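Student: This is the structure I have questions about; it appears just below.
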Amino acid sequence: MSDRVTIRLTSIQCTITDELDGDEIFLKYLGKKIWPRGLYAGMKAGNKDIGVDIKDVPVSEPLVIELWDYDFLSKNDLLGKFTMTLDDLHGTYQTMLVPTHMGDVASYTLVWEIL
8 MSDRVTIRLT SIQCTITDEL DGDEIFLKYL GKKIWPRGLY AGMKAGNKDI
58 GVDIKDVPVS EPLVIELWDY DFLSKNDLLG KFTMTLDDLH GTYQTMLVPT
108 HMGDVASYTL VWEIL
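In our numbering, the protein residues as written are 8 to 122.
And the structure:
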């Protein structure tokens, strides 16, 4: 059994946006922005490819990815977190966003693989 794996974030799916006209999202891991390359990715209901690999991830602890909404005039908003329990079984998985605040409406799913 391997104690470290590579995780590929393949896509993000949105069912309900936080803002009526869509969200301006980005992902962070360990406090560092990992996607997209620009400031944010515009998101409405639907699916966006990500294609980001996170290497050398320990399987002994959950992997936490944060979903942020970029704000032009105020502080960026943490929409919630994706928490993934890892093992060394290769495959494709989905994790639902856990909102930051009770009553938040944004609904996102992160699709990822263990390589």
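All residues carry an ideal CB built from backbone N, CA and C; glycine is no exception.
Fair warning: this is a prediction, and the values are worked out from it, not measured in the lab.
Whether or not the stretch 68-88 and the stretch 98-118 are in contact is what I'm after, with contact meaning three or more pairs of Cβ atoms, one per stretch, closer than 8 angstroms; do they touch?
Tutor: Yes, since at least three Cβ pairs between the stretch 98-118 and the stretch 68-88 fall closer than 8 angstroms, the two stretches touch.
Student: Using only alpha-carbon positions, find the residue among L16, Y100, R11 and V12 that is nearest to D56.
Tutor: Here the question's residue 56 lines up with position 49 in the sequence shown. The shortest Cα separation from D56 among L16, Y100, R11 and V12 belongs to L16.
Student: Taking C-beta to C-beta, are E73 and T99 nearer than 8 angstroms?
Tutor: As a working note, residue 73 is residue 66 in the sequence shown. As a working note, residue 99 is residue 92 in the sequence shown. Taking 8 angstroms as the Cβ cut-off, E73 and T99 do not qualify as a contacting pair.
Student: Less than 8 angstroms between the CB atoms is what I'm expecting for V112 and D25, so what's the real figure, rounded?
Tutor: Working through the sequence shown from its first residue, we reach residue 112 at position 105. Working through the sequence shown from its first residue, we reach residue 25 at position 18. At roughly 7 angstroms, the Cβ-Cβ gap stays under 8 angstroms, so V112 and D25 are in contact.
Student: Identify the continuous beta strand (DSSP E) that holds S114 and give its terminal residues.
Tutor: Along the sequence shown, one-based indexing puts residue 114 at 107. Segment S114 to I121, the beta strand (DSSP E) holding S114.
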